[in-house]
Amino acid sequence: MVLLKIITKSSVISKSLPFSYFGKLFTEAAHLKREQPLFIFYKNRIYIDPRFTIFAVMTHINSVKPLLIVVTGPTASGKTLVSSEIAQHFCTEIISADSRQLFREMEIGTAIPDSDLLSKVKHHFIHSHSINDYYNASRFEEEVIQKLHELYSKVDIVVLTGGSMLYIDAVCNGIDDLPPIDLEIRNNLIARFEKEGIESLRFELKKLDPDYYHEADLQNHKRLLHALEICLQTGKPYSSFRTHTRKQRPFGIIKIGLSASREILYDRINRRVDDMVNAGLENEARRLYPYRRNNALNTVGYREWFDYFDGFSSYDETIEKIKSNTRRYARKQLTWFRRDGEVKWFDLSETGQIIPYIETRLKILWKNHHHLY
RNA sequence: GGUGCCAUAGCUCAGUAGGUAGAGCAACGGACUGAAAAUCCGUGUGUCCCCGGUUCGAUUCCUGGUGGCACCA
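In this note's numbering, the protein residues as written are -17 to 355.
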């Protein structure tokens, strides 16, 4: 809801109005007894009759939560195009939730939107960081929440799109606050793991945090390393930082998922990998080869080339491996989606229904507040 | 046309000295709170080419087909 105040030579008009939500023409003029409307709302912008002298137009958003439209789906399901259409329809901007498109050094292999789309809609968190930066889901949460705060002062709808589910969860539900870890503690633990093996980590965790020891995946060294880092850094068990609660967000969330049959999805993946190869993926990987130890480059579409450069696989095997690993990645994403009951799914053949669906949801959301005024 | 070899999972192939089978890859499922395109865990999906024969029992041995490969014509 928007409080609109228009100050003219002769009068001050104050009106509470719904935001320009449906993308339809919205007029508000009857009370002026004019034949022509004084101003119209259209797609988040206010257009004023030029024959009228306006001294000031002030608006502010009031009471109704702004909205985050989350567009997700497995890799190569067409998120980029759909989210761009949604953003254009609602005259807003896109935040990318993609843990690899963040990095400006990686372009072809991460399938960032093309320059045409980037010029039509403002995108955030694409090529915003360097592969030399230390990055993680918590940082993403912090930076996106900050960015949303900024954006919601201008618009009341923002689109979040991507397939990095942990990152999306971090924005929608939050993740627990943890202290930063000294590099020395981290490196010591890694060295210990490499020298003494995972058994040594289990032994230490059982001592420092028996609670987490019982629920942890004891085969997964990353989980154990992380828990131990926290224990050693703080002197308190890692489990004492785990709240198991969702953070409250000052915005509403609608989740849209894009789906396709396995056959179609796999075909899209295979074709996209071929396109990437034709666009010069091998050269991009060769350029990044010196950085292959960076976590950012522990990524499908790059690590396979590094094996090829090291002589461990043939050219054809490399491309097959990229396709196969991308398919596996998509399956892993699907596993994550199955647990999230909040997602409204649309098949690729019915993407035309997405914007009408969002508009219906908006009507329901905002109608309830209308009675307050 | 002749001779030899081969036919087993979606693919490449093991194997059963006769008791209806198993590896790798692919595929499929799950976990997931500061590396997440990461990391970790689990699952065999089969007319053992076809028709007969021998046998208590044949994917395995035998006859004959069919298909493939190699060599000789």
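Ideal Cβ positions, reconstructed from N, Cα and C, are used throughout, including at glycine.
Query	Result
Which same chain residues, not among the five before or five after R285, have their C-beta less than 8 Å away from its C-beta?	R274 and L279
Tell me the DSSP secondary structure of K47 in three-state form.	coil
Is it true that the CB of S66 sits closer than 7 Å to the CB of L100?	no
Whose C-beta lies closer than 6 Å to the C-beta of H106 among residues of the same chain, with five residues either side of it excluded?	I77 and K129
Buried or exposed for H13, please, with buried defined as at least 16 other CB atoms from any protein chain shown within 10 angstroms of its CB.	Low confidence applies to H13: its pLDDT is 38, below 50, so where it sits in the model is not reliable, and the reading given next is rough at best. The residue in question, H13, is exposed, as its Cβ has fewer than 16 Cβ neighbours within 10 Å.
Between the alpha carbons of K218 and L187, how many angstroms are there, rounded?	12 Å
Are the CB atoms of A152 and F122 within a distance shorter than 7 Å?	yes
When burial is assigned at 16 or more other CB atoms within 10 Å of the CB, is W327 buried or exposed?	exposed
So is S81 buried or exposed if we call it buried at 16+ other beta carbons inside 10 Å?	buried
Between the Cα of H309 and the Cα atoms of D249, T300 and P338, which residue gives the shortest distance?	The displayed chain sequence assigns Arg, not His, to residue 309. It is D249.
By DSSP, does K237 sit in helix, in strand, or in coil?	strand
Here's a check: name, in chain order, each residue in its chain whose Cβ is nearer than 7 Å to the Cβ of V64, leaving out the five neighbours to either side.	V53, L240, T333 and I336
To the nearest whole angstrom, what separates the beta carbons of G283 and I304, a pair I think is in contact under 8 Å?	5 Å
Between the alpha carbons of G262 and T62, how many angstroms are there, rounded?	21 Å
Pick from L247, R313 and F233: whose alpha carbon is nearest that of E132?	F233
For a test of the three-state rule: what should DSSP assign to P63, helix, strand or coil?	A small fix is needed here, since residue 63 is Leu in this sequence, not Pro. Three-state result, L63: helix.
Only counting the same chain, and skipping five residues up and downstream in sequence, which positions put a Cβ closer than 6 Å to that of H109?	R86
Beta strand (DSSP E) containing D298: first to last residue?	First-last for D298: Y297 to R321, but that is the alpha helix (DSSP H), not the beta strand (DSSP E).
Quick one: what's got a C-beta closer than 7 Å to R254's C-beta in the same chain, skipping five residues either side?	A58 and A93
By how many angstroms is the C-alpha of H208 removed from the C-alpha of H71?	42 Å
Would DSSP call F328 helix, strand or coil?	strand
When the Cα atoms are used, what is the spatial distance from R231 to D289?	43 Å
To the nearest angstrom, how far is the alpha carbon of E211 from that of R168?	6 Å
By how many angstroms is the C-alpha of C213 removed from the C-alpha of G60?	42 Å
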